[in-house]
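Chemist: Just so you know, we're using the working numbering here: the sequence shown kicks off at 86 and counts up by one.
This is the structure I want to talk about, given as structure tokens.
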Amino acid sequence: MEKRHQLYKGKAKTVFATDDPNYLVMHYRDDVSAFDGVKVAKLEQKGETNNKINAFVMGKLAQAGVATHFVRLLNERESLVKAMQMAKQSEPGEAAELVACECNHLNWELLARAGRALKGEEAKAIKKAYEEAEEEEDEHLYHTTGWCREPWIQSFGMRAVLPPPEAVKTAIGAARAKAARREML
Numbered sequence: 086m087e088k089r090h091q092l093y094k095g096k097a098k099t100v101f102a103t104d105d106p107n108y109l110v111m112h113y114r115d116d117v118s119a120f121d122g123v124k125v126a127k128l129e130q131k132g133e134t135n136n137k138i139n140a141f142v143m144g145k146l147a148q149a150g151v152a153t154h155f156v157r158l159l160n161e162r163e164s165l166v167k168a169m170q171m172a173k174q175s176e177p178g179e180a181a182e183l184v185a186c187e188c189n190h191l192n193w194e195l196l197a198r199a200g201r202a203l204k205g206e207e208a209k210a211i212k213k214a215y216e217e218a219e220e221e222e223d224e225h226l227y228h229t230t231g232w233c234r235e236p237w238i239q240s241f242g243m244r245a246v247l248p249p250p251e252a253v254k255t256a257i258g259a260a261r262a263k264a265a266r267r268e269m270l
């Protein structure tokens, strides 16, 4: 399978098209950011680690009979994933935004659940990784909530607020942003 042009570049992943419209390549980068992108740096092996964690969690889901987008690891930083049906039918940029956003949110939630459900060394490793990144990731999730919601709203033909009001760092800020969004419309 041949990796082709870039469809989307987010804070930590880049999504590429392939020569088969049913598949995408998800590339995990070492980029880290804080304070809504004000502070940006590289964290050595972050991309490799996230790729392996994603493959592990998706493998456990597959063993439990849950279908996912994950197909297989391609290398240390890249995974082959299934393109969503919606992504194949819409404009590449819009589709890739939605795919990348959903994967980001779901992977973090699945990682937390796996850490609670697993036993032994696997559970220890996942819990440790989750705890080390939890504070920064919470901020990231509050911020990206709006960046996921608004493109979905737009894809249904409704008015979206872009950029969304979720550039916040706390649950209280996220609640205020949600209320502010209602006022913006």
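Think of the CB as a built atom: it goes at the ideal place given N, C-alpha and C, for glycine as much as any other residue.
Using the Cα positions of aspartate 116 and alanine 126, report the straight-line distance between them to the nearest angstrom.
Modeler: Cα to Cα, the separation comes out at about 6 Å.
Chemist: Between which two residues does the beta strand (DSSP E) carrying threonine 103 extend?
Modeler: First-last of the beta strand (DSSP E) with threonine 103: 98-103.
Chemist: Between methionine 86 and threonine 99, how many whole angstroms is the CB-CB distance? I'm expecting something under 8 Å.
Modeler: Actually they do not touch by this definition, with Cβ atoms about 17 Å apart.
Chemist: Mapping the DSSP letters down to three states, classify valine 110 as helix, strand or coil.
Modeler: Here valine 110 sits in strand by DSSP.
Chemist: I'd like to know whether the C-beta atoms of leucine 294 and alanine 168 end up nearer to each other than 9 Å.
Modeler: Residue numbering for the chain in the displayed model covers 86 to 270; residue 294 lies beyond these limits and cannot be assessed.
Chemist: For glutamine 91, does the three-state DSSP call read helix, strand or coil?
Modeler: Reduced to three states, the DSSP call for glutamine 91 is strand.
Chemist: Among Pro106, Arg89 and Asp105, whose alpha-carbon lies nearest the alpha-carbon of histidine 112?
Modeler: Of the listed residues, the one whose Cα sits closest to histidine 112 is Arg89.
Chemist: Have a look at Arg157, Pro106 and Arg162 and flag the residue whose alpha-carbon is nearest the alpha-carbon of lysine 130.
Modeler: It is worth fixing the name first, because residue 130 is glutamine in this sequence and not lysine. When each option's Cα is compared against that of glutamine 130, the closest is Arg162.
Chemist: Measuring alpha carbon to alpha carbon, tell me which of Glu268, Arg261 and Ala260 ends up nearest arginine 244.
Modeler: Among Glu268, Arg261 and Ala260, the Cα nearest to that of arginine 244 belongs to Glu268.
Chemist: So what does DSSP say about glutamate 129, is it helix, strand or coil?
Modeler: Looking at glutamate 129 - three-state DSSP - the assignment turns out to be coil, as it is neither helix nor strand.
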